[in-house]
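In mature numbering (1 follows the signal peptide of the UniProt record, and there is no 0), the protein residues as written are -18 to -1, 1 to 1187.
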């Protein structure tokens, strides 16, 4: 009995709800609104109305009725009108307030006049605030975002306790589109009833382009098209006149009422199809006269049709548009197809609920789907601001697949590509419309797909760039870390970095600005730096640059090295002007304005089209740079509205280089000197490998403590702590449950006991899930990843340790490098496999089935309830200790209850601390470890690829210097092609000499040097065979035909040295040019183990291509592609992106082949006499081809774009 009595003593705080309209009373108010425009008072509105509390809703909110008693307006000049339009003031109007005081919903009568309903929403909006009470403060402030009749805005609040109750001030200021000032002050009594309110609104449309000497109140537009400022002031006061008791509560039926938000919007006026039929027919006739979709006047026909269809009544619109979209046109009926596509286009622009239903029925659900229709529809998703869930799901299946089968695929079709970009745009609209769960689900699927792309492959480049652009279209804060990771300079593929940087244009925080700035300075690719510069130019933080960053920017542009490099370039150009050429156009910017300065449109084009090459004695550089953009935008300075309507950009950039300056002091002719010379050049030759290894080694070294660090230690530690953390929470919950069981049967403690049981059950679910998680990933996270990391570290140490011997034992060291890289690869494969397992097991961290996420709210509620009960029990316990015995309990009972209560309170405090820590920080260490794992795995993968590229590069350099090569004096230029003999490349000469080989072109009477050191035999028919004695050629026989031998060759052969003159060419032998034939074959068994004597061998299987042994040192010509892509934007959202057309690719391929051939035919012995006239003759032709493909006229860019898709 004492427990029940004790429960009666627990009282509620005064402010249980933000509003309190006393039940059974009518609260009569006077509402006065004064509006002034351009500094002149135009109209005053006075309304008498009453508010009455009706009942509580199921979710704990309060329902009120608002009834207008009288309506009065006073216009300028003092003229008074009472209800001038004779509105019916008896219609029901209800509004709902939540516990915070915000009006969440209104119920309007459908027959209520629209303007009167607007006023009722404004009156209800006076009451709408967000109240936050601080019990221990007299003054406090806070920020909240809520919706009123002007829309959803962020407000700043200041609260102060007064003798009557509470004073609340609300303030808002924004200048996005207009300058909006808002101040509202409300006075409440001690119960929470509003006694008076005053609201002031000031809206200013300021023209930023207006001349400073223009008068503020001048109304006429200037000759330059400048618009004047527009200013509106509104003051609203409301006062409680009286409260009148009324026992009669009206019965309200919700059948006819229409639920709406507080935001006031005037409905549009619609017309019937019969009234608008003539306008529609005229629009279709206009389209039929202009079948060319690129005709300038056709857009006017489409716009008129769009305006007309917007005026149709919803039912007429559904029937008319549905009838046209349901048509199945024959391919030869061009007008039917055009008419259907045009209506589809207009329906996509209108984008309302009815339009979305029709598009789902007739386009998205069509079997088989039509790609052109789908792609047109996807581009309109940018402007559909209120997408329905059904419409989003219909679009979603074209991106991810009907059953998710496309999710994670490496190759995207054009339709799938555009669908995924549309999903990103729809996610942003959903998030802004309050459907955050659906938006998060879409973005989560895009992010998960993004993580599945580990390899750098051409298909991966495009598909991953599409996903990054889609996340940029969505512009959710949760995706920022993914974009920042992919935008980091010199990490991942450069196409991903460009896409991530472009996506960062929607983020305005300091973090995004810093990332773009750093990439603009540090990235190794010019195209990436250029993209960062374009984004940074429009970033709102671009002016917040410190002196340190300004110095960094200047030093990046003007350093000592760059100045000296410019001096060297000037010197080289002065010495050899003929070897530097630039073909193309200077960067060009064109701008065309339509309309006035303050209102109109702009079309801009930017173009950079160049072919540049520079050739010196032992190095050359050939650049191609194509960067074109075309952009159309609109501007309305009055509301600061500058929109990027459409933007199309193309980027193709790359270069071909070779550099042999490191070899100019190397005498390859004396083989014994080569190792010594190579040792002096080893540092330069191995430089790529040294840089790649050092870059990876830095991630294993703590810069502060100079000790090794691990990339997976954080995850391993977090995984080990998961079951321990949840186990501690479970132990505390069990202890609290046991403590509560001691007083089982007591009425008040029964509530605590029930709550303890529920808490224990919830914690057990969390602990069970955590244990399962530990079981699933412990092996991968705690064992496999650290072991694999140690193996990678060991292989890296091998590379670093062996680097000291690279100069003296290059081949042996490279063999160990290759072996170490293979071990790195095997360990990395285990890391990637563990990553996949861990990601699959930890998907619940962001999914809806996470037990911690699901139960966190209920746990918090239970803890708050138990905390309230225990807090009140503490007060009563103090009374019992003082000797008060209000309820007749015995001393023994009080001691027993006191001991049990102390144990319950202590157990609850312990459990509450554990649960709070679990809710706030439970998954944070694990999530941090997972993020670190993803980042670190990406580093390992990128460094592996860098090491692999470096090893290939070094191997190529070593082979060029120390590989199996003939003596450099031996000619290597292949005979030019002719009609009689064909080309001089392998396999040629079978019909003339009896075996396959290559024809080496020489001049008449030119000396022929022996290619190798060995025994030379005469084989008759003006041919010799040389048995090499050099280790690298010991398994071969070199056969030289069509020569006149200048030495006496006995039957048992003659010893010759490499580079020794052995004869001259005989002549053309039926071909156009004088030449010799070189053949190379394997030694036969008798030649290998018997007496050295050539056999007559004609079996072609013995012969090999001698080409790899001909070129002593040839240029390492490589194509480095920076970008080859196009991007299409609509309203600053990417609606398409992909690889460029094959037309330009073919031109550049021919360009590469040309220089590759020239490089192969450039002998070292003639490098000083190399004539670059051949290159200079073809360069203008290549430049002309690129100029034809990328024309400077904006209209021709459409052709280039169409080739790309």
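Each residue gets a CB set at the ideal place from its N, CA and C atoms; glycine is no exception. The model shown is predicted, which means the values in this text are computed figures rather than measured ones.
- Closest in alpha carbon position to residue 824, among 766, 182, 911, is 911.
- Per DSSP, the continuous alpha helix (DSSP H) segment holding residue 283 begins and ends at 280 to 293.
- For residue 1059 and residue 1069, the gap between their C-alpha atoms comes out near 22 Å.
- Here DSSP, grouped into helix, strand and coil, assigns residue 1025 to strand.
- Nearest Cα to residue 283 within the set 254, 321, 304: 321.
- Residues 411 of the same chain have their beta carbon placed closer than 6 Å to that of residue 367, with the five preceding and five following residues left out of the count.
- Secondary structure note for residue 63: its beta strand (DSSP E) is the uninterrupted segment 61 to 64.
- Contact annotation, residue 501 with residue 471: C-beta distance approximately 4 Å; criterion of less than 8 Å satisfied.
- Taking each of 913, 971, 707 in turn and checking the Cα distance to residue 1062, the smallest one comes out for 971.
- When the Cα atoms are used, residue 884 and residue 848 turn out to be separated by approximately 14 Å.
- If you compare the alpha carbons of 24, 408, 289 with that of residue 217, the shortest gap goes to 24.
- Residue 450 places its beta carbon 8 Å or farther from that of residue 433.
- Ranked by Cα distance from residue 909, the options 1001, 699, 385, 761 are led by 699.
- Residue 772 counts as exposed, since fewer than 16 other beta carbons sit within 10 angstroms of its beta carbon.
- One alpha carbon belongs to residue 741, the other to residue 696, and they sit about 30 Å apart.
- The Cβ atoms of residue 365 and residue 335 do not sit closer than 8 Å to each other.
- Given a length threshold of 3 residues, each whole run of the beta strand (DSSP E) inside the segment 88 to 140 is given here in chain order: 121 to 130.
- Looking at the backbone, the Cα of residue 766 and that of residue 821 are separated by about 15 Å.
- Rounded to whole angstroms, the gap between the alpha carbons of residue 888 and residue 173 is 36 Å.
- Closest by C-alpha distance to residue 630, out of 1035, 1111, 293, 1115, is 1111.
- Residue environment: residue 105 is assigned as buried (16 or more neighbouring CB atoms within 10 Å of its CB, all protein chains considered).
- Going by beta carbons, residue 845 and residue 894 fall inside the 8 Å limit.
- Here the alpha carbons of residue 1065 and residue 818 stand approximately 52 Å from one another.
- Contact check for residue 9 against residue 225 passes: the beta carbons are separated by less than 8 Å.
- When rounded, the separation of the alpha-carbon atoms in residue 110 and residue 62 is 30 Å.
- Taking a contact to require three or more Cβ pairs closer than 8 Å, the segment 978 to 996 and the segment 1040 to 1059 qualify as touching.
- Between residue 342 and residue 382, the gap from beta carbon to beta carbon reaches 8 Å or more.
- Assignment of alpha helix (DSSP H) within the segment 433 to 507, counting only whole runs of 4 or more residues, yields 440 to 456, 462 to 469, 476 to 485, 492 to 504 in chain order.
- In the same chain as residue 389, and ignoring 5 residues on each side of it, the C-beta atoms closer than 7 Å to its own belong to 382, 383, 427, 431, in chain order.
- Comparing alpha-carbon positions, the option among 4, 1080, 167 lying closest to residue 231 turns out to be 4.
- Your pair residue 1006 and residue 996 does not check out as a contact, with CB atoms roughly 11 Å apart and the cut at 8 Å.
- A direct Cα-to-Cα measurement between residue 102 and residue 50 gives close to 8 Å.
- Beta-bridge partners assigned by DSSP to residue 1061: 1021.
- Counting along the chain, residue 262 sits inside the alpha helix (DSSP H) bounded by residues 255 to 271.
- About 5 Å separates the CB atoms of residue 361 and residue 1117; that is less than 8 Å, so the two are in contact.
- A distance below 6 Å between beta-carbons, with the five flanking residues on each side excluded, links residue 494 to the following residues of its chain, in chain order: 486.
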